[in-house]
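Residue numbers (our numbering), protein chains in the order written: chain A, 2 to 285; chain B, 2 to 285.
Think of the CB as a built atom: it goes at the ideal place given N, C-alpha and C, for glycine as much as any other residue.
Note that the structure is predicted; figures quoted are calculated from it, not measured.
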């Protein structure tokens, strides 16, 4: 793998930033705010930032780059698709529970729902995320979709995934802004109390996490190599060390083709020209 | 050009969304708020959203896709670089004026500066944007940088540009959230007065504008073809019609190489393998 050390450094940074974001969210609600409960009060609302940051930011981010981890290249494509879909399903479930918490809190406190730009864009992101998951399941996991459809949908799937991820981060930053203005009164947000500095830092962590994930997800030389090549590696021991840098891609003429498994190698060869191009698009 | 009609439709949508965003920002401050002035009062603050949306969102978005307009492919690369840099310089100047307006307003009203997440991320985005402009000028416009350096910097330049653009949009959405909470008191933001619906819609327009620009900027088949090919086109009349769909890329073996002009064709051929790969990265 080309630039293996850089990849590892970025993966380590992403994991650290993601973990730190979750820890910061927990410290925010447990130390600075009313803790966590399911009682229709502020402690129920607090599940909203914790679950969104854990599921919709951190888990979604990891789901995006899971194909790029070189030690998974010896695993079957089907297993990796299941892990990708599974992580995204967990993220969606956590996001939905976090929405229930906030609607429940609003209803108990007689606060209107869905008035803010944060709520408009956030709910739209959850709906599109669910659609993306269903579409991805039908087209890429179930065995019925023709190869040409998969090739056509792949660049849209990749682009939508990254756009939704970016939108979720923007929505989280709006949510932090809203909550700090509403919650900090004496002292106010504008007087920069300790909580304001702490939660602003959480916002910066989330943004940098997003930036690292987007860089890793859009480097074409860090794409999972074609199925045939990863099987050869598996037979040869399956380890990926830095001395073999680049070889996993260089040996594979279809490295850029989309996430499609061919039942028939002869048919595959015919289609290569088209898929190479479609695969390039899927880099984003 | 492959998918010319779709490209035109998306360009039209981007222009419409961008213009609408600027009009919405103007209607917001002129109809719903205190208008525009330079008096240390709210009307001075109002320059902030108007100039950010005009310059830092709309002009920056157009600067990003300016190389992709097929009717500019007959223009020299140098001219296009000057237009790209010029539009980005205009965007930066408008962003800086908009920052002066908000600092001036805060100081006159004794409101602290730089306490909010919006201000932290927004100022960071302006600083990185300025650095990106200076770096781009030194590496890609001045004739001193070696070809290898240009090839190395290009994918970082493209990624940083798109990340800063996305961050600017996220920051604009945070700013809208802040302003609506602070400005709407009787009736409050939570009671969804007309202004709240109108400005939430502005936020959605900005986000969709960003989504369209990012799609256009990351399709590899809409990249400007290599210099040699566009010169051939120029000699043949320079028009690009749909019947020639795809030919501008298909004829050009270096279509994916980065924005580098080679003085020596023989040297260029030697370097092709490396640049083809670097060029792929530059798709984002």
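- Of all C-beta pairs linking the region 205 to 223 of chain A to the region 200 to 208 of chain B, fewer than three are shorter than 8 Å, placing the two stretches out of contact.
- At a cut-off of 4 residues, the continuous stretches assigned as alpha helix (DSSP H) that sit fully inside the region 135 to 199 of chain B are 148 to 184.
- By the rule that beta-carbons nearer than 8 Å mark a contact, residue 188/A does not touch chain B.
- By the neighbour-count criterion, in which a residue is buried when 16 or more other Cβ atoms sit within 10 angstroms of its Cβ, residue 188/B is exposed.
- For residue 116/A, the chain B residues whose C-beta falls within less than 7 Å of its own C-beta are 190, 191, 193, 197, listed in chain order.
- The C-alpha of residue 59/A is placed about 18 Å away from the C-alpha of residue 219/A.
- Sorting 177/B, 163/B, 182/B, 183/B by C-alpha distance to the C-alpha of residue 22/B places 177/B at the top.
- Non-local beta-carbon contacts of residue 150/B in its own chain, meaning distances under 8 Å to residues more than five positions away in sequence, involve 140 in chain order.
- The beta carbon of residue 162/A sits no closer than 8 Å to any beta carbon of chain B.
- Neighbourhood of residue 212/A in chain B, by CB distance below 7 Å: 164, in chain order.
- Near chain A, meaning a CB-to-CB distance below 8 Å, the residues of the region 97 to 123 of chain B are 112, 113, 116, 117, 118, 119, 121, 122.
- Not a single CB atom of chain B sits nearer than 8 Å to the CB of residue 19/A.
- Taking the C-beta atoms as reference points, residue 93/B is found nearer than 8 Å to residue 131/B.
- Of all residues in the region 171 to 182 of chain B, only 171, 174, 175, 177, 178, 179, 182 place a beta-carbon less than 7 Å from a beta-carbon of chain A.
- DSSP, read as helix, strand or coil, puts residue 219/A in coil.
- Exclusion of the five residues before and after residue 185/A leaves 194, 196, 197 as the residues of its chain whose Cβ lies within less than 7 Å of its Cβ.
- For residue 201/A, the nearest CB of chain B lies under 8 Å from its own CB, placing it at the interface with that chain.
- In this structure, residue 2/B places its C-beta atom within 8 Å of the C-beta atom of residue 71/B.
- Chain A has a Cβ within less than 8 Å of the Cβ of residue 216/B.
- Here residue 6/A carries a helix assignment [DSSP, helix/strand/coil].
- The beta-carbon of residue 208/B is placed less than 8 Å from the nearest beta-carbon of chain A.
- Residues 161 of the same chain have their beta carbon placed closer than 6 Å to that of residue 133/B, with the five preceding and five following residues left out of the count.
- Contact with chain A is absent for residue 30/B, since none of that chain's Cβ atoms lies less than 8 Å from the residue's Cβ.
- For the options 12/A, 152/A, 5/A, the alpha carbon positioned closest to that of residue 64/A is the one of 12/A.
- It is roughly 6 Å from the alpha-carbon of residue 62/A to the alpha-carbon of residue 214/A.
- Cβ contact annotation for residue 66/B (same chain, cutoff 8 Å, sequence separation greater than five): 12, 15, 214, 217, 218, in chain order.
- Straight across, the Cα-Cα distance linking residue 223/B with residue 74/B is about 11 Å.
- Across the structure, residue 167/A and residue 38/B are spaced so that their CA atoms are roughly 35 Å apart.
- Residues of chain B with a Cβ closer than 9 Å to the Cβ of residue 90/A do not exist; the shortest Cβ-Cβ separation is about 24 Å.
- Residue 87/A is outside the set of residues whose beta carbon lies under 8 Å from a beta carbon in chain B.
- Close partners of residue 205/A in chain B (Cβ separation under 9 Å): 118, 121, 122, 125.
- By the CB criterion at 8 Å, residue 46/B and residue 102/B fall inside the cutoff.
- CA-CA distance, residue 129/A to residue 18/A, rounds to 25 Å.
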